[in-house]
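Working notes, structure below.
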Amino acid sequence: MVPPVCLSIFFIIFLFSDQGLSLSSTSDEDCPSTFDCGNLGNLGFPITTGTRQDCGMLAIHGCENPNPNATKTVQFSAGKELLVTGFSDDFYTVNLRDTGLQKSLENRSCEAFNTNITLPPNTSTLGYFVLKDTTQLITLYKCNGTLNISRSTGFFNYSGCIESEGETIYFGNVNRDEQDAPSSLAACPRIQLPAASGSFSSGSPFVSLNSVYSVEARLSDDCSRCVSDRGFCRVDAKAQFYCSRSKENSRSNQMKLVIGLTSGAIGTMLICIIIFCCIIKSLREKLDFLKKSRADQNIEAFIRNHGPLALKRYKYAEVKKMTKSFQVKLGQGGYGAVYKGELLNGYPVAIKLLKSSKGNGEDFINEVASISKTSHVNVVTLLGFCLEGRKKALIYEFMPNGSLDKFISNTTNKTSPSLTWKNLYEIAIGTARGLEYLYRGCNTRILHFDIKPHNILLDEGFCPKISDFGLAKLCPRKESVVSISEARGTIGYLAPEVWNRNIGRVSHKSDVFSYGMMLLDMVGERNNMNAEDYPIEIYFPDWVYNKLEQGSKLGQDGTNTMEENDIAKKMTIVGLWCIQTFPTQRPTISRVIEMLEGSLESLEMPPKPVMLSPPRLEEESSATCNTNSGGVDSDESSSSMLETHEIVSIFYSHKLI
């Protein structure tokens, strides 16, 4: 379907083409482009002959005389003829001689001062003539009697006029005009005459004057446009302007018109195609918007509903500029990649670019919602975010030492600096305090659900900061248990109740379990469990418990000092308490901090790990924070979940860790 605007454009082109062709068909050949004028040569517009004054602005008389040397004149006023001596500037400048003025100057007759310099009358609709700017004038005043005017004013007097006794002529040099004249001369008639070049006499004006000057034509706007279009300016019988064209010009203009109309038609078609493509693109964008996932709309709704956040929203172009087109890559995960960048003030940041295909956008909502409510030394600071359609990014403070996992993993890059046991101990306490803040220090409780070494970042002083809140859940302070619709987290750190509701209800104790597994990672015991020496049925907590009972040295190399071994033993005991199978047997995170900060002697050994299926537990709280409208409670999920023994084996077997 052709847009209506295109039809309108085609109609306008057709209308103008019809008028243009009819106008271009008119041709006026009566006025010659040039004519012979004897010794002056071939002349043309704006000059014309005396017989065809409608063909130009200034008529030359005498050109028709067969004698080429015959006098050529122009008549500016009745009885006033000027001799034409030549032309320049394509006939636009006319050189004239006032023979009457010349005779008076030669005879030193004061009749020379009776009239001003003569210019062509300004009566043509084609334009007018002005004095050539190279022509210099002398200003004279005819006064009755002698005035008291000092010669210092630049004006001089002459009283030798025989024809008019008692009359005094005051005249100035070529650079003196009406503004320079003394006020006493204002009552005297003023005359301006051509100045003789290079000669001025203060005693006699006749020596300083000349009878030769030049005038130049100035075309009217209509005539100027006509000439620019290779036409001829004409005046009809009613003295009205019109633009005439010769047959040659007419044919040329018709060809130009045809070319112009063809180009216009092609251009119009291209414009219509562009308009059509824009309409299609707009419709597609609207269709894409309507097809946009409900999750993306939920993200925008969340941002609107929460009002102005303490976070800055950046455009994707700004994020790209911060990272210099994503040059420095810090890491890669299932959620996407992390890049190093800088804010405009040079402050270093880490930018997590979420994959565009990442689920339903819940991770993005969780992270923005969770961290925007936090402010703690052991929780990473979210500085801003970006949301443009499917492009999502989170801007964090930059942690120069990266994540904890690169310091404790057996695949760690050997160039990374090692952590002392004191460092590990402080990192353990700092992480626990961060978790305590998330659960007790905020207006809204935050369950992280993905505590592991990879998500513990270290600043330049190895201060730990909890990061990556993509799996987090928010819960009001008065409620301690949450309901989730699916397991979330990392295998090896997941609490059993996350997978099987028969073990217990999901709560902050689930984060305590993950924290306990991380403690054992930090001690190094998980890396020490050799896969070749133990079958898959031997699960990790039981193996660590046996080492403690046997009094074996803990740590990755077993060469610790007594103080270091005490730290390792304390962290191991606390870790075993945290990874108890049943949530009710695990300590709260506040109790974990007390245990870590207390003495080793005050710690009790935790119960030996249990592999049997526990009886149905009573609910820890009657209040449930259901953060997902599609969540499945424990009754509905128990039949579809794995049996407890299978779950315990999965989560504690080092082969899957």
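The opening position of the sequence shown corresponds to residue -15 in this note's numbering, with each subsequent residue numbered one higher.
By construction, the Cβ of each residue, glycine as well, lies at the ideal position given by its N, Cα and C atoms.
How should residue i be labelled, buried or exposed, when 16 other C-beta atoms within 10 angstroms of its C-beta is the threshold for buried?
{"i": "T69", "result": "exposed"}
{"i": "I146", "result": "exposed"}
{"i": "G418", "result": "buried"}
{"i": "D534", "result": "It should be pointed out that residue 534 corresponds to Gln in this sequence rather than to Asp. Q534 should be labelled exposed."}
{"i": "P448", "result": "buried"}
{"i": "Q163", "result": "exposed"}
{"i": "K592", "result": "exposed"}
{"i": "D20", "result": "exposed"}
{"i": "Y331", "result": "exposed"}
{"i": "S494", "result": "buried"}
{"i": "S181", "result": "exposed"}
{"i": "E481", "result": "buried"}
{"i": "M546", "result": "exposed"}
{"i": "M239", "result": "exposed"}
{"i": "A353", "result": "buried"}
{"i": "S192", "result": "buried"}
{"i": "S583", "result": "exposed"}
{"i": "C262", "result": "exposed"}
{"i": "G320", "result": "buried"}
{"i": "I258", "result": "exposed"}
{"i": "S613", "result": "For S613, the predicted structure reports a pLDDT of 33, less than 50, and the residue's modelled location is therefore unreliable. A value from the coordinates is still provided. When all chains shown are included, S613 counts as exposed."}
{"i": "T118", "result": "exposed"}
{"i": "D505", "result": "buried"}
{"i": "D434", "result": "buried"}
Could you tell me the alpha carbon to alpha carbon distance between residue i and residue j, rounded to whole angstroms?
{"i": "F382", "j": "C426", "result": "23 Å"}
{"i": "R429", "j": "L458", "result": "6 Å"}
{"i": "L267", "j": "L254", "result": "20 Å"}
{"i": "P189", "j": "R92", "result": "9 Å"}
{"i": "I355", "j": "V364", "result": "8 Å"}
{"i": "F60", "j": "S247", "result": "49 Å"}
{"i": "E410", "j": "H432", "result": "21 Å"}
{"i": "G150", "j": "N100", "result": "21 Å"}
{"i": "M579", "j": "T358", "result": "25 Å"}
{"i": "L110", "j": "L66", "result": "22 Å"}
{"i": "C127", "j": "Q176", "result": "15 Å"}
{"i": "T307", "j": "Y323", "result": "7 Å"}
{"i": "F29", "j": "Y197", "result": "20 Å"}
{"i": "T123", "j": "L241", "result": "54 Å"}
Check for me: the alpha helix (DSSP H) holding residue i runs from which residue to which?
{"i": "C207", "result": "205 to 212"}
{"i": "L580", "result": "573 to 581"}
{"i": "F566", "result": "From DSSP, F566 is part of no alpha helix (DSSP H); its letter is neither H nor E."}
{"i": "P480", "result": "480 to 483"}
{"i": "V507", "result": "492 to 507"}
{"i": "V219", "result": "Counting along the chain, V219 falls outside any alpha helix (DSSP H), though it belongs to the beta strand (DSSP E) covering 216 to 219."}
{"i": "K305", "result": "300 to 306"}
{"i": "S88", "result": "83 to 90"}
For residue i, which beta-bridge partners are listed by DSSP?
{"i": "K449", "result": "L441"}
{"i": "E200", "result": "T77, V114"}
{"i": "P104", "result": "Looking at the DSSP assignment, P104 forms no beta bridge with any residue, so it has no partner."}
{"i": "E151", "result": "N128"}
{"i": "P178", "result": "L121"}
{"i": "V58", "result": "L66"}
{"i": "K313", "result": "Y323"}
{"i": "V363", "result": "I450"}
{"i": "K296", "result": "G368"}
{"i": "G156", "result": "F139"}
{"i": "N26", "result": "D20"}
{"i": "R429", "result": "C459"}
What residue does the beta strand (DSSP E) around residue i start on, and which one ends it?
{"i": "L458", "result": "457 to 460"}
{"i": "D20", "result": "18 to 20"}
{"i": "V68", "result": "64 to 72"}
{"i": "P642", "result": "Since the first and last residues shown for the chain are -15 and 641, residue 642 lies out of range."}
{"i": "F190", "result": "Taken as a continuous stretch (DSSP letters only), F190 belongs to no beta strand (DSSP E), being part of the alpha helix (DSSP H) at 189 to 192."}
{"i": "E326", "result": "320 to 326"}
{"i": "F184", "result": "Careful: F184 lies outside any beta strand (DSSP E) and carries neither H nor E."}
{"i": "K336", "result": "332 to 338"}
{"i": "S228", "result": "225 to 228"}
{"i": "I44", "result": "42 to 44"}
{"i": "Y142", "result": "139 to 142"}
{"i": "I31", "result": "31 to 33"}
Are the C-beta atoms of residue i and some chain D residue less than 9 Å apart?
{"i": "L121", "result": "The structure shown has no chain D; it contains just one protein chain."}
Which runs of the beta strand (DSSP E) spanning at least 3 residues fall entirely within the region 373 to 420, listed in chain order?
375 to 381
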